[in-house]
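Participant: Okay, so the sequence shown: first residue is 234 according to our numbering, each after it adds one. Glycine residues also receive a C-beta, built at the ideal position from the N, C-alpha and C atoms.
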Amino acid sequence: MKALPRTGGIAKYVDAAPELSAVRPCLGALDYAGVRERCNDQTHHNFLDHLLLNDGKVYLKNRAEWIAQLGSDTLDIVILHLAYSFCLSGHHMMSSDYMDALEVGMTPEHGSEDWVAPYVQAFLAERVVPRCPGLIEALRKETGMELEG
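Next up, the structure:
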């Protein structure tokens, strides 16, 4: 069985992917090295505080800050995966209108194959725009999908 490549090798492979070149500059502002380090520390309980965070009976003065940071890190990971998914498999983000019309034997509305699902649009507007302002425009140019914002 072959082992997975190290993180640096994976990063080089992803950085070289031409399909992702349009979104890479937008994602560069996010601290993914810090996210990786913090998530690794939390997963493996590398510090006593990380272990104690999981015990609600133990009082930790900065528990709320740790939880907020974990939420922020999780959001950064979701944004990264969402951006990559749009570029590599945008059809996963599309609205169901196009396929719904085909399934009932109707002709889909012109351009509906490029519509984005409402819940994806809402997530982009509420979570992605404040964190990565230029990402929506980069995705729109790269994918041709009808993104609001």
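1) Which residues in the same chain as Leu-284 place their Cβ atom closer than 8 Å to its Cβ, once the five residues preceding and following it in sequence are excluded?
2) Going residue by residue through the region 248-292, where are the continuous alpha helix (DSSP H) segments of at least 4 residues, counting only ones entirely within it?
3) Helix, strand or coil for Val-311 per DSSP?
4) Applying the criterion that 16 or more other CB atoms from any shown protein chain within 10 Å of the CB defines a buried residue, is Val-291 buried or exposed?
5) Closest to Trp-299 by C-alpha separation, out of Asp-282, Asp-347 and Pro-351, would be which residue?
6) Going by C-alpha distance, which of Lys-245, Leu-253 and Pro-238 is nearest Lys-374?
7) How about the region 359-376 and the region 247-265: do they share at least three Cβ pairs that are nearer than 8 Å?
8) Do you know offhand how far Ala-350's Cα is from Arg-360's?
9) Return the CA-CA distance between Ala-262 and Cys-365, expressed in angstroms with no decimal places.
Facilitator: A quick look at the data gives this:
1) Along the sequence shown, read from residue 1 onward, the residue named residue 284 stands at position 51. Taken in chain order, the residues that qualify are His-278.
2) 257-260, 265-276 and 281-286
3) Mapped onto the sequence shown, residue 311 falls at position 78. Three-state DSSP puts Val-311 in a helix.
4) For the purposes of this step, residue 291 is taken as the residue at position 58 of the sequence shown. Exposed, by the Cβ-count rule.
5) On the sequence shown, position 66 is the one that residue 299 refers to. Ranking Asp-282, Asp-347 and Pro-351 by Cα distance to Trp-299 puts Asp-282 first.
6) In the sequence shown, counting from the first residue as 1, residue 374 sits at position 141. Among Lys-245, Leu-253 and Pro-238, the Cα nearest to that of Lys-374 is on Leu-253.
7) yes
8) Along the sequence shown, one-based indexing puts residue 350 at 117. Along the sequence shown, one-based indexing puts residue 360 at 127. Each residue's Cα considered, the two are about 15 Å apart.
9) In the sequence shown, the residue the question calls residue 262 occupies position 29. In the sequence shown, the residue the question calls residue 365 occupies position 132. Looking at the two C-alpha atoms, the distance is approximately 8 Å.
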